[in-house]
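Trainee: I'd like to ask some things about the structure below.
The following block contains the structure:
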């Protein structure tokens, strides 16, 4: 695919035009990435022991909410973030998915999905942890995994 980049003056509005034969899940991800302007913000400000840290999106395995504080889990640490889950959903890339009222999952860290009791789905993560997808979010997960089919 040919890619062309044109530099414009600061006062002009940036835009992107994609000329495709047909769209698919990957082109939809590119569009979402551009529309959300994720290329401008690729980390989240968080704290550990009162110290400010910037956590890159790609390091976040999952996020859980507890008492109005969001805990971002990475391979090596857990960070506190004051942003609400719905605010995080707006800025996170498309490979993150809300899996319950109190959790967001990075789908790139899932090694296997397994059905669980009462319509739940269990996700086994590459670090050995397990998280559960609420039955209210299983349909959306299946749509994302199958490309909307």
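In my numbering, the protein residues as written are 36 to 184. In this text, a Cβ means the ideal position worked out from N, Cα and C, and glycines have one as well.
State the Cα-Cα distance for the pair residue 144 and residue 42, rounded to the nearest angstrom.
Mentor: 36 Å
Trainee: Take the Cβ of residue 83 as the centre, count every other Cβ of all protein chains shown within 10 Å, and call the residue buried at 16 or more, exposed below.
Mentor: Residue 83 is exposed by the Cβ-count criterion.
Trainee: Are the beta-carbon atoms belonging to residue 40 and residue 51 less than 8 Å from one another?
Mentor: no
Trainee: Is it the case that the segment 148-168 contacts the segment 115-123, given that we only count it when at least three CB pairs across the two stretches are under 8 Å?
Mentor: no
Trainee: For residue 175, which residues of its own chain have a beta-carbon under 8 Å away from its beta-carbon, when the five flanking residues on both sides are left out?
Mentor: 132, 133
Trainee: State the DSSP-derived secondary structure class of residue 89, mapped to helix, strand or coil.
Mentor: Three-state DSSP puts residue 89 in a strand.
Trainee: Taking DSSP as the reference, what is the three-state secondary structure of residue 67?
Mentor: helix
Trainee: Does residue 108 come out as helix, strand or coil in the three-state DSSP assignment?
Mentor: strand
Trainee: Return the CA-CA distance between residue 54 and residue 36, expressed in angstroms with no decimal places.
Mentor: 10 Å
Trainee: When you compare only the Cα positions, how much space is there between residue 149 and residue 92?
Mentor: 25 Å
Trainee: Whole-angstrom Cβ separation of residue 129 and residue 64, contact assumed at under 8 Å?
Mentor: Contact holds; Cβ gap of about 5 Å.
Trainee: According to DSSP, is residue 171 part of a helix, a strand, or is it coil?
Mentor: Looking at residue 171 - three-state DSSP - the assignment turns out to be helix.
Trainee: Whole-angstrom Cβ separation of residue 137 and residue 100, contact assumed at under 8 Å?
Mentor: 4 Å
Trainee: Identify which residue in 114, 98, 87 has its Cα closest to the Cα of residue 168.
Mentor: 98
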